[in-house]
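Here the sequence shown stands for residues 178 to 319, where the numbers follow this note's numbering.
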Amino acid sequence: MNLQPNKQDRIELDLTPLIDVVFLLLIFFMVSTTFDKESFIKVDLPEATTTDEPPEQDKDILDIVVDAEGRYYVNRLEVLNKKPETLKQAIIKAVQARRDLPVIITADANTTHQSVVIVMDVASQLGLTHMTFSAKKPVSED
């Protein structure tokens, strides 16, 4: 006669596969997430408006012009050559210690995309992150 009740085996839950799945999901989301650097360089695209009067020269802005041949002008002074290092030195001379100046980039319609990218890259290397592009509304033919 057996008077002891039937001993049932304890049910144990193995957490190892669950932890593996959680780590795999974590790795998947970390790898698939894109990290935007859009906040690194602030670019304001202005609305195109036509004005007959030239804009006033403001001492609190950095004006960089790129012409059709790819020559650079920093605050209306021509940079000696088209090398990024020379452009960097001209910008350093123009801004001195003020790194919070807004940069206005004016590029000719026929300039290369590379020339504009060089201006943006050099300005961002120097800590100038607030950039805007000047635009001109096309004249409508009546």
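The beta carbon of each residue, even a glycine, is placed where N, CA and C say it ideally should be.
Asked	Found
Counted within 10 angstroms of its Cβ, other Cβ atoms place Met308 as buried (16 or more) or exposed	buried
For Ala284, the residue or residues it bridges with in DSSP	Val243
First through last residue of the alpha helix (DSSP H) which encompasses Gln294	Note on residue identity: the sequence assigns Val, not Gln, to residue 294. Its alpha helix (DSSP H) spans residues 290-302.
Whether Ala271 touches Asn252 by CB criterion (7 Å)	yes
Exposed unless 16 or more other CB atoms sit within 10 angstroms - verdict on Ser292	buried
Presumed contact (8 Å Cβ cut-off) between Ile241 and Val294, rounded CB distance	Not quite, the Cβ-Cβ distance comes to about 13 Å (not below 8 Å), so this is no contact.
Coil, strand or helix - Glu262 by DSSP	helix
Run of the beta strand (DSSP E) containing Val256, from where it starts to where it stops	Taken as a continuous stretch (DSSP letters only), Val256 belongs to no beta strand (DSSP E), as it is neither H nor E.
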